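Using the working numbering, you'd call the opening residue of the sequence shown number 116 and step up by one each time.
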Amino acid sequence: MAFALPSLPYDKTAFGDLISEETFNFHHGKHHNAYVTKTNDAIEGTDNAGKKLSDIIKSSTGGLFNNSAQVWNHSFYWLCLSPEKKEIPAELKSRIEADFGSVDDFKAKFKEEATGHFASGWAWLVLNGDKLEITSLHDADSPVAHGMKPLLTIDVWEHAYYLDYQNARPDYVAALLDNAIDWDFVAQNLDGEGVSRADQG
Ligand code: MN
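Here it is as structure tokens:
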């Protein structure tokens, strides 16, 4: 069965100025949708038809890798966002404090990684073995392809923020990290919840 563009788990106007409806119309409705269409076109009639998205990512290269990983990364990214400001659940908070010193230190390091990442890509909080790590990956690349368990991502391609923040990537990253992250979802990903949800397309 072909992959479908997943519905957003909130209204496109729910984030106000943090992420505009226009950004969702382009980012979800055009960019994400195009990656879904191109992935479906590439797998139709091949051995990849009917496989899980993460399995396609792990076994592909070139255009299919880029498009399937972008489908997965975007599906995961939408789930990381919440229009309602949330607290970090206790277990996740203590793991962040153990591996980064404090929540503030973690946020500062994440912002530095996301802001400093050169050109297009994604900033990630991952579980690598039993340790939380902050990393960024270029273009379509995804932790799914590297045996790391993704917990949180922020899309730092210009198409994610240019309409609302123009070239001010630091303001976009700070706005999301401080106000618009679904920390309950991030905490559930310690058990792999998000990987299976994003795998559905
Ligand atoms: Mn994007």
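Think of the CB as a built atom: it goes at the ideal place given N, C-alpha and C, for glycine as much as any other residue.
In this text the structure is predicted, and so the values were computed from the model without any measurement.
Length of the line joining the Cα atoms of residue i and residue j
i: S135; j: H147; result: 16 Å
i: S217; j: L291; result: 19 Å
i: I249; j: N304; result: 15 Å
i: K200; j: V301; result: 14 Å
i: I269; j: E159; result: 30 Å
i: F130; j: T161; result: 40 Å
i: G165; j: S190; result: 18 Å
i: A283; j: Q315; result: 33 Å
i: E308; j: K264; result: 10 Å
i: L242; j: K224; result: 16 Å
i: D214; j: L247; result: 6 Å
i: E228; j: L267; result: 13 Å
i: P198; j: W298; result: 12 Å
i: L196; j: S311; result: 17 Å
Cβ shell of residue i (< 6 Å), same chain only, five flanking positions each side left out
i: A255; result: N181, A184, Q185
i: L252; result: G236, W237
First and last residue of the uninterrupted alpha helix (DSSP H) at residue i
i: L207; result: 205 to 215
i: G231; result: 218 to 231
i: H274; result: 273 to 280
i: P285; result: 284 to 294
Near the ligand ATP: residue i beta-carbon under 7 Å from a heavy atom
i: H232; result: This structure lacks the ligand ATP; its bound ligands are the ligand MN.
Bridge partner(s) assigned by DSSP for residue i
i: G160; result: Looking at the DSSP assignment, G160 forms no beta bridge with any residue, so it has no partner.
i: S174; result: Its beta-bridge partners do not exist; DSSP assigns none.
Cβ shell of residue i (< 8 Å), same chain only, five flanking positions each side left out
i: K173; result: V259, A260
i: N294; result: L133, K200
Limits of the unbroken beta strand (DSSP E) element including residue i
i: W237; result: 236 to 243
i: E199; result: Looking at the DSSP string, E199 is not in any beta strand (DSSP E), and its letter there is neither H nor E.
Chain-order list of residues whose beta-carbon lies under 7 Å from that of residue i (same chain, five-residue window excluded)
i: A117; result: N155
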